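Chemist: Start counting at 1 in the sequence shown, then tack on 8, and there's your number in the numbering used here.
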Amino acid sequence: MVRMHDPDGIAQALADPSRRSILEALRLGRKSVSELCEITGLKQPNLSNHLAKMRAQNVVHSEREGRFIYYSLEAPFAEVLLRMHAVASRGARRRLKPGDSADHGAGADGMSIESSALASQLLQYLLAGDEAACSAVLNNMLSANFGMAKIYLEVFQPALRLIGDLYEQGKVDEAREHVASAIVERMMARVAEICLPVVHRDCHAVLGCVAGNLHSVGVRMLADSLHADGWKVTFVGADTPTNSFIDLVALEAPDLVVISVSLENQLAETRNLLAGLRNLRDGGQMFRTALGGHFKVGPYIDLRIDEFIADDLDDFTNKVNGV
Ligand code: B12
């Protein structure tokens, strides 16, 4: 059961170096006030003040044992949020697509601090299944002029991936994962409706998941991004039977076919699909094929000249545009 915490409290705690050092210390297990003073170097009145506020916001909790009061992390996902903050604080900034709002504070593997706070806020609301609160986070991003690439790559994607980490740790069940991805899909529909193409290109893409793959959110991001860039897009969605995927490509004659693969057991169907698409090309149809998704097919498939693999939306966009 996931309890609702005050996401602002967690966001504030992550933004404050003193509170962060307290949370970092508590990651290792419960600590008394004097232990926390020693580890963090904070003076006791200052420490107690932070602890009282974080306890009120359900970020930490306390228990008395004899003369001592011990503190522990309250939010079951506080550990993941701390990791996310650490990632956001390292290295260089991700290149953003034109139209993304300018500087929101440098972050490491590309995530800005502001995006990481928004992603952690969204994560809380997604876990609580609170769609209205998720929409409010999206509204804030839209009014701050965040572009599609920034919203998708810096906020939606990390929040979903952290849900995957929590699932792996047994802290989130599949139903909650379904709720979260359904909410994200509806929010993406809102973003896509706003980010309309400025120019129309004479380019057409067919995108979908290989048979057996239910992970459609990532490839939907690619579809939305191509659409916003002026492409005609045919999105076939999750778990597309191989023969009908090939028939559709034969009929639509696109310039690009995009295939998403998420698990190793989808490799055989991926090979079948690729073989069918190669037959179409050998028969005279002209299109490129892109492969990607959670499962990295690179080591298992020898690519032909018109085929490429990309890691994420950013990498995909660069490769499509020949950057
Ligand atoms: C939401 C989710 C689901 C949802 C999917 C709903 C939906 N409509 O998409 C549901 C509940 C159906 C689901 C089911 C399963 N899932 Co799941 N799921 C996730 C989760 C939490 C998020 C996926 C997501 O949307 N990520 C965000 C998107 C944006 O990232 P992405 O998919 O990687 O896409 C990006 C790139 O990969 C790339 N990309 C994607 N496609 C393509 C295609 C091309 C051509 C290119 C170039 C790039 C590209 O661009 C995208 C944007 O940057 C992940 C965790 C994770 N780490 O991702 C687990 C995760 C992928 N699932 C996992 C598992 C095990 C499963 C299940 C077996 C069991 C389960 N958890 O229920 C089933 C299998 C279903 C199946 N047959 O496919 C594991 C996979 C582990 C592994 N062995 O690799 C993960 C990693 C969770 C975990 N840590 O255990 N899942």
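Yeah, the Cβ is synthetic: ideal placement off N, Cα and C, and Gly gets one too. Please read all numbers here as calculations on a predicted model, not as lab measurements.
Count the other CB atoms within 10 Å of the CB of A167; is the residue buried (16 or more) or exposed (fewer)?
Modeler: As a working note, residue 167 is residue 159 in the sequence shown. Buried.
Chemist: Would you tell me roughly how many angstroms separate the C-alpha atoms of G284 and I30, rounded to the nearest one?
Modeler: For the purposes of this step, residue 284 is identified with residue 276 of the sequence shown, where counting begins at 1. For the purposes of this step, residue 30 is identified with residue 22 of the sequence shown, where counting begins at 1. Rounded to whole angstroms, G284 to I30 spans 57 angstroms at the Cα level.
Chemist: In whole angstroms, what is the alpha-carbon distance linking E32 and V68?
Modeler: In the sequence shown, counting from the first residue as 1, residue 32 sits at position 24. In the sequence shown, counting from the first residue as 1, residue 68 sits at position 60. Cα to Cα, E32 sits roughly 12 angstroms from V68.
Chemist: Let me check understanding here. Comparing Cα to Cα, which of A188, N280, E71, S233 lies closest to F253?
Modeler: As a working mapping, residue 253 is identified with position 245 in the sequence shown. Of A188, N280, E71, S233, the residue nearest in Cα terms is N280.
Chemist: Return yes when at least one heavy atom of ligand 1 lies under 7 angstroms from the C-beta of N221, else no.
Modeler: Here residue 221 is taken as the residue at index 213 of the sequence shown, counted from 1. In this structure, the C-beta of N221 approaches ligand 1 to less than 7 angstroms from one of its heavy atoms.
Chemist: Any idea if V206 is buried or exposed, counting beta-carbon neighbours within 10 angstroms, 16 or more meaning buried?
Modeler: Your numbering for residue 206 matches position 198 in the sequence shown. Answer is exposed; the Cβ neighbour count stays below 16.
Chemist: Using a Cβ-based criterion (distance less than 7 angstroms to any ligand heavy atom), does D225 qualify as near ligand 1?
Modeler: For the purposes of this step, residue 225 is taken as residue 217 along the sequence shown, with counting starting at 1. It is Val, not Asp, that sits at residue 225 in the sequence shown. Yes, the beta carbon of V225 sits closer than 7 angstroms to at least one heavy atom of ligand 1.
Chemist: Check the DSSP bridge columns for T242 and list the partner residues they point to.
Modeler: What you label residue 242 is simply residue 234 of the sequence shown in a count that begins at 1. BP columns for T242 point to V214.
Chemist: Note down, one range per segment and in chain order, each alpha helix (DSSP H) of at least 4 residues found wholly within the stretch 38-64.
Modeler: Fully enclosed alpha helix (DSSP H) runs of 4 or longer: 41-48, 52-64.
Chemist: Among A236, S189, M196, V244, which one has its Cα closest to the Cα of G216?
Modeler: Against the sequence shown, residue 216 aligns to sequence position 208. The shortest Cα separation from G216 among A236, S189, M196, V244 belongs to V244.
Chemist: State the beta-bridge partners of V68 as determined by DSSP.
Modeler: Taking the sequence shown and counting its residues from 1, the one referred to as residue 68 is at position 60. L81.
Chemist: Quick check: the Cα distance between P25 and D255, rounded to an integer number of angstroms?
Modeler: Numbered from 1 along the sequence shown, position 17 holds the residue referred to as residue 25. Numbered from 1 along the sequence shown, position 247 holds the residue referred to as residue 255. Those two C-alpha atoms are separated by around 57 angstroms.
Chemist: Based on DSSP bridge pairs, tell me the residues matched to T297.
Modeler: Here residue 297 is taken as the residue at index 289 of the sequence shown, counted from 1. For T297, which the question treats as bridged, DSSP gives the partners V265, E315.
Chemist: Measure the CB-CB distance between T278 and V265 and report whether it falls below 8 angstroms.
Modeler: Sequence index remark: in the sequence shown, residue 278 carries index 270 (1-based). Sequence index remark: in the sequence shown, residue 265 carries index 257 (1-based). Not closer than 8 angstroms, so no.
Chemist: For E73, which residues does DSSP report across the bridge?
Modeler: The residue given as residue 73 occupies position 65 in the sequence shown. Note: E73 sits in a beta bridge opposite F76.
Chemist: What whole-angstrom Cβ distance do S5 and A246 have, given they're in contact under 8 angstroms?
Modeler: Not covered by the structure: residue 5. The range shown for the chain is 9 to 331.
Chemist: How about V218 and Q293: do their beta carbons lie closer than 8 angstroms?
Modeler: As a first step, residue 218 is located in the sequence shown; it is residue number 210 there, counting from the start. As a first step, residue 293 is located in the sequence shown; it is residue number 285 there, counting from the start. Going by C-beta atoms, V218 is not nearer than 8 angstroms to Q293.
Chemist: Beta-carbon within less than 6 angstroms of G37's beta-carbon, same chain only, minus the 5 sequence neighbours each way: which residues are those?
Modeler: As a position in the sequence shown, residue 37 is number 29, starting the count at 1. If we look at G37 and ignore the five residues flanking it on each side, it has no Cβ neighbours.
Chemist: Exposed or buried, which one is L202 when buried takes at least 16 other CB atoms within 10 Å?
Modeler: One-based indexing of the sequence shown puts residue 202 at position 194. In the sequence as presented, Leu is not what sits at residue 202; that position holds Ile. Label assigned to I202: exposed.
Chemist: Does H58 pass the burial test, meaning 16 or more other C-beta atoms within 10 Å, or should it be called exposed?
Modeler: For this step, residue 58 is matched to residue 50 along the sequence shown. Result: buried.
Chemist: Please state whether DSSP places L161 in a helix, a strand or coil.
Modeler: Here residue 161 is taken as the residue at index 153 of the sequence shown, counted from 1. Looking at L161 - three-state DSSP - the assignment turns out to be helix.
Chemist: Unbroken alpha helix (DSSP H) runs of length 4 or more, entirely within the stretch 130-185: which are they?
Modeler: Listed in chain order, they are 139-151, 165-176.
Chemist: Is P249 helix, strand or coil by DSSP?
Modeler: Taking the sequence shown and counting its residues from 1, the one referred to as residue 249 is at position 241. In the displayed model, P249 falls within coil according to three-state DSSP, outside both helix and strand.
Chemist: Could you have a look at R198 and say whether DSSP puts it in helix, strand or coil?
Modeler: Numbered from 1 along the sequence shown, position 190 holds the residue referred to as residue 198. The answer is helix: DSSP assigns R198 an H, G or I state.
Chemist: Check for me: the alpha helix (DSSP H) holding E4 runs from which residue to which?
Modeler: For the chain, the structure presents residues 9 to 331; residue 4 sits outside this window and is missing.
Chemist: Any heavy atom of ligand 1 closer than 7 angstroms to the beta-carbon of D24?
Modeler: The sequence position of residue 24 within the sequence shown is 16, counting from 1. No, ligand 1 has no heavy atom inside 7 angstroms of this Cβ.
Chemist: Among I317, T297, A258, which one has its Cα closest to the Cα of G291?
Modeler: Indexing the sequence shown from 1 puts residue 291 at position 283. Among I317, T297, A258, the Cα nearest to that of G291 belongs to A258.
Chemist: Measure the beta-carbon distance from E193 to R228 and round it to whole angstroms, keeping in mind my assumption that it falls under 8 angstroms.
Modeler: Numbered from its first residue, the sequence shown carries residue 193 at position 185. Numbered from its first residue, the sequence shown carries residue 228 at position 220. Confirmed, about 7 angstroms.
Chemist: For the alpha helix (DSSP H) containing L234, name the first residue and the last one.
Modeler: On the sequence shown, position 226 is the one that residue 234 refers to. Taken as a continuous stretch (DSSP letters only), the alpha helix (DSSP H) holding L234 covers 225-236.
Chemist: Would you say the beta carbon of M229 is closer than 7 angstroms to some non-hydrogen atom of ligand 1?
Modeler: Here the question's residue 229 lines up with position 221 in the sequence shown. Result yes, Cβ under 7 angstroms from ligand 1.
Chemist: So, with DSSP's three-state summary, where would you put D320?
Modeler: Working through the sequence shown from its first residue, we reach residue 320 at position 312. Shown here, D320 sits in coil according to DSSP, grouped into three states, outside any helix or strand.
Chemist: Three or more beta-carbon pairs under 8 angstroms between the stretch 174-188 and the stretch 233-243, yes or no?
Modeler: no
Chemist: Going straight from the alpha carbon of M62 to that of S40, what length do you get?
Modeler: Position 54 of the sequence shown, counted from the start, is the residue given in the question as residue 62. Position 32 of the sequence shown, counted from the start, is the residue given in the question as residue 40. Approximately 15 angstroms, taken between the alpha carbons.
Chemist: With H, G and I counted as helix, E and B as strand and the rest as coil, what does DSSP make of G17?
Modeler: Taking the first residue of the sequence shown as 1, we reach residue 17 at position 9. G17: helix per DSSP, three-state reduction.
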